[in-house]
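Here the structure is laid out as structure tokens; the discussion comes afterwards.
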């Protein structure tokens, strides 16, 4: 009913096809290996949400918004606070992304879990949802956002849109709509409401507002599904309309990326998990510098300068020469390489204000140079360390740890979770949370994961 | 601290200049005639908010969102429900726009009051704000959104953005930030948070989601100011950054429209108020058809067909040939002209589902044709009525009622308020509300306006 501008001849009904698929697909239609990747996606997300929960970004958001929260049904993971489901979706989206340590769909640099898992775990605390249905919805939501991202990437991203927010809101709406049991028309409306809120600029990288994007996408996607269920109507063709998402926000529109092979080919199976707490493009440099440190042993102190031969995106996204804060450090390949070489660290502890200002790291950072090499694979780097004696040591990283060709094992996902979560809720609580997170696909009530988090925080509070 | 992409040489610090102005300006710096236009803007907005309050769009939004509302501090004007201030801002933004009957900044087709007044009246119910300060903040907010709109119009709008939402969120943030007493850095952050949520597609015209846009802009702008106050940081150059608002969402960026003559030239003084409950571009046709009806008297039944020679935007925006619902009727110049000629009506009563389907109106609607004439002023139209006897009657409208050259008088604003409000809250309550609305600039506590609205609804409920 919506618009009077016709789509060009031959344009498929992308929104309708996608909405139908979201509603029709059953958990059993999803191959086991994809379901298992969905579980890994969720476990990694829980660890990141807890790991980021004590960040000052989260304190500021809670200070501003707690006075407006409705009935406190839903947990802010890793904290004592509960909020209404919409606000909890926002907060968990912020916490899970604030350390830049979450998951990545490498084709689009979307961080898929933040918008989707934050929306549906908050929802799951308001009604009983099984772990099986939850993982189904999570995978469906991730599939939707990554396919929509593929259809407009890279033009959409190059233009300045933070694609985790802009595409993520569709994924959150899809996953929430699936769990709410929307009919197909309501799902089209939910996409309409979600799409019309698609937003978030890359200009925000390096500020608290970057992690606000997946949070708001989670909240807005959930809100869209709830409103559509209540009969709030919207365009039923928001993705493909001439004045809709893909045409307004991108010069590239490849509909086949959205509708071809739905249910056969799975973007949700391509998710990857960051071993290091910063933008994925710096990972080869950190991986290589840590290897170099291990190989050099005591001689690491004799490194005079570093030169990186890297993919062009490395300098474009993380070329900050003079970071002043921990957050800014995540956008400096120079800091990241220096810290990896001198401390062997790429975890959240490498990106604190204190470490970014540490004199010996600043000194080496200033002696790091980089070349953008368009022929280089984005998961690779060549590092040349010039030693004080004039010799050069070279390290070639073919594929960085955490890339598609070198994914984190379950043990590495667990270890990553353990390190960051223990800093926030302690080791005993982390063990309990890890245990239930890995079992979440089999839970009768997936909200149990959130309850274990809240109990852990309460016990820690009581003990302190 | 935000981005590493430099702005092109010569780009002024638009965000900083605008934020400084918002914080520095005092009520006494605003000329009396602009302050009075601010009062008219507010009175017209209150009438529209009450007038739209019983629409099914509002019922659906409340059904979905009331379960998530926080402490019920703030009124949904014209209804019994109260919600937390953020949700009330959303709901009042929806109600005040849902009938397409609100105010218009004609240069940009922004409807300025919806995002701004909705945000700050909801806020005013949470703390004491004088009518004087409220009108100052309203004018500042309107000025900000219209100037930002000017800087990117028409390219931004032509691309498909619903500019009332995309620019409105800045206005809401400015007005709320002013009343919250933000410092200058916080105001820049508030703009950063607001800008990164700028969204809303014209594809939504004709659906409930159109009025969601000013509502969400109000809510998001208020939220941005609250978060900035709590220390949630953001880009401090969101308007002018290469990956910020104006460059990402428009090919045109005219910074002078934003920063030149601040405090001297007032866009807020150019606001206009719709005499008819639909898109402004149809107003000349409705005005002319009502005049024609008056002139023809009984002969109106002999009109066989109508031809309109109109500005090109009329067909582009309101060319819907076959509207099925009242909302769609607002986007049909054919329906609007037929209804104005046959019933003399351009009020909300002309845009109900029933009237849009009335056989005699449908019959004449199908006999209305229109030509897009690029030489014609947007506030004018020539109407040729072909009579059954073969003769032709012509009506030339030089400037439509409600246009800048033919503004509504205070009495006409009052009458418009009275008609639409009485349908929702009754005549006695409407009189009380009108009385206090016109006095609002002098109130010690501007929230009194909202309280009178709530009392009126309660009394009506008790009487029923």
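Chains as they are written, first to last, in my numbering: chain P, 9 to 472; chain F, 9 to 472. In this text, a Cβ means the ideal position worked out from N, Cα and C, and glycines have one as well.
Evaluate contact between the region 189-206 of chain P and the region 240-253 of chain P, counting only Cβ atoms and requiring at least three cross-stretch pairs below 8 Å. Yes: at least three Cβ pairs fall under 8 Å.
So, is the C-beta of residue 347 of chain P closer than 8 Å to a C-beta in chain F? no
Tell me the DSSP secondary structure of residue 314 of chain F in three-state form. strand
How close, in whole Å, do the beta carbons of residue 186 of chain F and residue 148 of chain F come, if the pair is a contact with beta carbons under 8 Å? 5 Å
Decide if residue 212 of chain F is buried, meaning its Cβ has at least 16 other Cβ atoms within 10 Å, or exposed. A residue is called buried once 16 or more other Cβ atoms fall within 10 Å of its Cβ, and residue 212 of chain F is buried on that count.
Are the beta-carbon atoms belonging to residue 138 of chain P and residue 451 of chain P less than 8 Å from one another? yes
Roughly how many angstroms separate the alpha carbons of residue 464 of chain P and residue 85 of chain P, rounded to a whole number? For residue 464 of chain P and residue 85 of chain P, the distance between alpha carbons rounds to 10 Å.
Cβ contact (3+ pairs, closer than 8 Å) linking the region 430-445 of chain F and the region 45-54 of chain F: yes
Grab the span of the alpha helix (DSSP H) containing residue 381 of chain F for me, first residue to last. Looking at the DSSP string, residue 381 of chain F is not in any alpha helix (DSSP H), and its letter there is neither H nor E.
Excluding the five sequence neighbours on either side, which residues of its own chain have a C-beta within less than 8 Å of the C-beta of residue 13 of chain P, listed in chain order? 249, 250, 251
What are the residues in the region 238-267 of chain F lying within 9 Å of chain P by C-beta distance? So the list reads 238, 239, 240, 241, 242, 243, 244, 245, 246, 249, 250, 251, 252, 253, 255, 256, 257, given in the order they occur along the chain.
Please state whether DSSP places residue 53 of chain P in a helix, a strand or coil. helix
Alpha carbon of residue 307 of chain F to alpha carbon of residue 400 of chain F, nearest angstrom: Whole-angstrom Cα-Cα distance: 12 Å.
Which value, in whole angstroms, describes the spacing of the CA atoms of residue 313 of chain F and residue 363 of chain F? 19 Å
Roughly how many whole angstroms lie between the Cα atoms of residue 331 of chain F and residue 370 of chain F? 9 Å
Give the DSSP-derived three-state secondary structure of residue 109 of chain P in the structure shown. coil
Whole runs of the beta strand (DSSP E) within the region 58-132 of chain F, excluding any shorter than 3 residues: The region 58-132 of chain F contains these whole beta strand (DSSP E) runs: 111-113.
Spatial neighbours of residue 165 of chain P within its chain, please: C-beta separation below 6 Å, excluding the five flanking residues on both sides. 171
Using a Cβ-Cβ distance under 8 Å, would residue 211 of chain F count as near chain P? yes
As a quick exercise: from F:95, F:75, F:348, pick the residue whose alpha carbon is nearest that of residue 224 of chain F. F:95
Hey, would you say residue 458 of chain F sits closer than 8 Å to residue 234 of chain F, going by beta carbons? Taking 8 Å as the cut-off, the beta carbon of residue 458 of chain F is found no closer than this to the beta carbon of residue 234 of chain F.
Distance between residue 338 of chain F and residue 436 of chain F (C-alpha atoms, nearest Å): When only Cα atoms are considered, residue 436 of chain F and residue 338 of chain F end up about 29 Å apart.
Residue 169 of chain F touches chain P at which residues, Cβ-Cβ below 9 Å? 251, 256
Check whether the Cβ atoms of residue 121 of chain P and residue 110 of chain P sit closer than 8 Å, and answer yes or no. The Cβ-Cβ distance between residue 121 of chain P and residue 110 of chain P falls below 8 Å.
Terminal residues of the continuous beta strand (DSSP E) containing residue 400 of chain P? 400-405
Taking only beta-carbon atoms, is residue 217 of chain P less than 8 Å away from chain F? At a cut-off of 8 Å between beta-carbon atoms, residue 217 of chain P makes contact with chain F.
Counted within 10 angstroms of its Cβ, other Cβ atoms place residue 123 of chain P as buried (16 or more) or exposed: buried
Can you list the residues of chain F that residue 201 of chain P reaches, using a CB-CB cut of under 8 Å? 217, 220
How do the region 258-277 of chain F and the region 375-383 of chain F stand: do at least 3 beta-carbon pairs fall below 8 Å, yes or no? Not touching, per the Cβ criterion.
Do you know offhand how far residue 478 of chain P's Cα is from residue 301 of chain P's? Look at the range of chain P in this structure, 9 to 472, and you will see that residue 478 of chain P is not part of it.
For residue 16 of chain P, is the classification buried or exposed, using 16 other Cβ atoms within 10 angstroms of its Cβ as the cut-off for buried? exposed
Counting only C-beta atoms, is residue 235 of chain F closer than 8 Å to chain P at any point? yes
Just tell me which of P:304, P:156, P:328, P:281 has its CA closest to the CA of residue 114 of chain P. P:281
Taking 8 Å as the CB-CB cut-off, is residue 208 of chain F touching chain P? yes
Please decide whether residue 78 of chain P counts as near chain F, where near means a Cβ-Cβ distance under 8 Å. yes
Use the C-beta contact count for residue 396 of chain P: other C-beta atoms within 10 angstroms, 16 or more gives buried, fewer gives exposed. exposed
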